[in-house]
Amino acid sequence: MTDSQYARPAAESADVVILGAGPAGLVLGNLLLRAGIDCAVLERSGRDDLRHRQRAGFLAPNTVRILARNGLDDGLRRHGQEHRVCEFRTEDGRFRLDYGRLGDKEPHTVYPQHELVADLLARFLGAGGRIRFDTEALAVSDADGPDPSVTVREPDGRPGRWRARYVAACDGRHGAGRRSLPPGSVRHYRRDHGVSWLGLLAEAPPSLDAVGYAVHPRGFAGHMARSAEVTRYYLQCAPGTRADAWSDERVWDELDRRMRAPEYGPLTRGRLLQRTVVDLRSDVLEPLRHGALFLAGDAAALISPSAAKGANLAVLEAELLAHALTAALTGGDRAALDRYSDRCLARIWRAQEFSHWMIGLLHEVPGPEGSSPFQERMRRSRIAALRDSPTQQDWFAENYVGI
Numbered sequence: 008m009t010d011s012q013y014a015r016p017a018a019e020s021a022d023v024v025i026l027g028a029g030p031a032g033l034v035l036g037n038l039l040l041r042a043g044i045d046c047a048v049l050e051r052s053g054r055d056d057l058r059h060r061q062r063a064g065f066l067a068p069n070t071v072r073i074l075a076r077n078g079l080d081d082g083l084r085r086h087g088q089e090h091r092v093c094e095f096r097t098e099d100g101r102f103r104l105d106y107g108r109l110g111d112k113e114p115h116t117v118y119p120q121h122e123l124v125a126d127l128l129a130r131f132l133g134a135g136g137r138i139r140f141d142t143e144a145l146a147v148s149d150a151d152g153p154d155p156s157v158t159v160r161e162p163d164g165r166p167g168r169w170r171a172r173y174v175a176a177c178d179g180r181h182g183a184g185r186r187s188l189p190p191g192s193v194r195h196y197r198r199d200h201g202v203s204w205l206g207l208l209a210e211a212p213p214s215l216d217a218v219g220y221a222v223h224p225r226g227f228a229g230h231m232a233r234s235a236e237v238t239r240y241y242l243q244c245a246p247g248t249r250a251d252a253w254s255d256e257r258v259w260d261e262l263d264r265r266m267r268a269p270e271y272g273p274l275t276r277g278r279l280l281q282r283t284v285v286d287l288r289s290d291v292l293e294p295l296r297h298g299a300l301f302l303a304g305d306a307a308a309l310i311s312p313s314a315a316k317g318a319n320l321a322v323l324e325a326e327l328l329a330h331a332l333t334a335a336l337t338g339g340d341r342a343a344l345d346r347y348s349d350r351c352l353a354r355i356w357r358a359q360e361f362s363h364w365m366i367g368l369l370h371e372v373p374g375p376e377g378s379s380p381f382q383e384r385m386r387r388s389r390i391a392a393l394r395d396s397p398t399q400q401d402w403f404a405e406n407y408v409g410i
């Protein structure tokens with residue numbers, strides 16, 4: 008008997024219930040829907056909030072390939088911008104790497120995540136997909152039994168329940184998926200890198216034709232293009248800093264100082280649209296499955312934004328999970344479900360390692376006894392190797408765009 012032959016109630020049920028309508032949840036939903044799998048997406052935010060949620064925008068080549076081969080790249084093909092150069096500014100000068108010509112010779116594609124989510128949502132709804140907005144998943148029950156279910160808070164505040172054959176938790180590290188894992192069912196690996204960023208979205212054209220990484224005695228600063236009118240900036244700040252602690256003038260003055268604008272050219276200033284404080288933390292759960300409950304995206308692993316891997320891992324995991332669930336539900340073949348966790352974790356740990364390397368490259372990370380002159384000289388040596396060594400540059404390019 009295949010999984011699709013199991014009887015299930017007609018109301019408030021689906022073969023696969025997906026928690027969360029971010030990139031992982033919506034890619035998964037679209038692929039299952041196209042395969043004829045009965046699925047439903049439960050999203051705690053409203054539709055407008057979801058479509059305008061500003062997040063990362065650098066898509067790896069493999070992510071672009073996944074979206075293309077599944078017919079989910081219409082907006083990306085029309086509006087995505089190829090990006091292939093990064094510039095490092097340090098106390099020892101500046102240098103540029105055309106990583107699109109190094110390593111595997113592949114560029115990034117810049118496409119804001121909220122636009123990708125809007126594309127995926129429109130495709131899912133246009134194909135008849137079921138999504139419940141303003142519906143918060145509270146708990147997953149009986150994931151290791153014959154009748155898994157999801158308890159929810161409906162838009163009117165009343166409790167509700169969904170039955171499922173499988174539950175895909177794509178609802179982040181604070182979501183119901185993680186909260187519902189029984190104690191001792193997974194191992195949780197955590198690291199606080201001791202670094203915080205003030206994340207800024209500026210209504211200003213990019214000031215560089217490259218991703219800018221500035222290493223300065225006052226702390227890291229970063230410049231990442233989002234569109235012709237909007238730029239993402241980062242400023243390292245003391246842990247515990249409030250997002251509104253710095254005035255706009257202080258923000259721009261500090262960006263000028265750390266990006267060395269007097270030496271290399273001014274930054275184009277504009278209105279700050281968004282401020283957030285990002286604490287650079289990493290964690291990984293092992294395994295990414297408990298019975299009929301599967302984790303993907305930030306629910307599976309949190310990775311620091313220093314290497315732009317989070318959304319790319321989410322899309323990769325969604326495709327793997329979609330194929331595995333389709334095989335189980337249409338043919339009774341659960342082998343791919345059994346391999347899902349190991350396949351994802353191999354990619355997750357590779358991304359974690361590179362992210363950790365980037366954090367050490369860009370920051371003076373304090374040790375148990377505070378800042379160390381030895382560690383600072385090691386950091387400068389790493390940057391010099393990246394500037395001067397073709398072998399190191401190829402390694403960087405391969406890992407920078409790879410997942």
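Heads up, the sequence shown is in the numbering used here, so the first residue is 8 and it goes up one at a time.
Even glycine gets a Cβ: it sits at the ideal position worked out from N, Cα and C.
Computed from a predicted structure; not experimentally measured.
Cβ shell of L262 (< 7 Å), same chain only, five flanking positions each side left out:
Apart from the 5 residues on each side of it in sequence, L262 sits with its Cβ closer than 7 Å to the Cβ of A228, Y240, L242, L274 in its chain, given in chain order.
Quick check: what's the CA-CA separation for V117 versus C351?
If you take the alpha carbons of V117 and C351, they lie about 24 Å apart.
Where do the N-terminal and C-terminal ends of the alpha helix (DSSP H) with I366 fall, by residue?
Run containing I366: 342 to 369, per the alpha helix (DSSP H) assignment.
Reference E236, options G277, D151, G247, G339, closest by Cα:
That would be G277, whose Cα lies nearest to the Cα of E236.
Contact defined as beta carbons within less than 8 Å: I believe L287 pairs with S203. What is the distance between those atoms, to the nearest angstrom?
At roughly 7 Å, the Cβ-Cβ gap stays under 8 Å, so L287 and S203 are in contact.
Have a look at L66, V92, R346, C244 and flag the residue whose alpha-carbon is nearest the alpha-carbon of H86.
Per the Cα distances, L66.
Same chain only: Cβ atoms within 6 Å of A314, ignoring 5 sequence neighbours per side
F361, S362, M365, listed in sequence order.
Leaving out the 5 sequence neighbours to the left and right, which residues in its chain are closer than 6 Å to T219 when beta-carbon positions are compared?
Note that residue 219 is Gly in the sequence shown, not Thr. So the list reads E94, H230, once near-sequence residues are dropped.
When you compare only the Cα positions, how much space is there between L369 and A209?
Pairing L369 with A209, the inter-Cα distance amounts to about 22 Å.
Close-in-space but distant-in-sequence residues of the same chain around L323 (CB under 8 Å, 5 per side omitted)
Only residues of its own chain outside the window of five on either side were considered, and among them N69, T70, I73, C351, R354, I410 have a CB closer than 8 Å to the CB of L323, listed in chain order.
Please determine if the segment 163 to 178 and the segment 286 to 305 are in contact, where contact requires at least 3 C-beta pairs separated by less than 8 Å.
Enough Cβ pairs lie closer than 8 Å, so yes.
Assign T248 to one of three DSSP states: helix, strand, or coil.
Three-state result, T248: coil.
From the DSSP output, read off the bridge partner residues of A183.
According to DSSP, which records beta bridges pairwise, A183 is partnered with nothing at all.
Going by DSSP, which residues form a beta bridge with E94?
Under DSSP, E94 shares a beta bridge with R103, G219.
Using only alpha-carbon positions, find the residue among S214, W259, L207, Y271 that is nearest to L280.
If we check each option's Cα against that of L280, L207 comes out closest.
Evaluate D56 with the Cβ neighbour count: other Cβ atoms within 10 Å of its Cβ, from every protein chain shown; 16 or more gives buried, anything less gives exposed.
Counting other Cβ atoms within 10 Å of its Cβ, D56 stays below 16 and is therefore classed as exposed.
How many Å lie between A150 and S156 at the Cα?
So the two alpha carbons sit approximately 7 Å from each other.
Does DSSP classify E89 as helix, strand or coil?
Three-state result, E89: strand.
Could you pull the DSSP bridge partners for G167 from this structure?
Bridge partners of G167: V159.
Under the three-state DSSP convention, the category P16 falls into:
Its pLDDT being 38, under 50, P16 is placed unreliably in this model, and the coordinates cannot settle the point.
Would a C-beta distance cut-off of 8 Å place T238 and A211 closer than the cut-off?
For the 8 Å CB-CB criterion, T238 and A211 form a contact.
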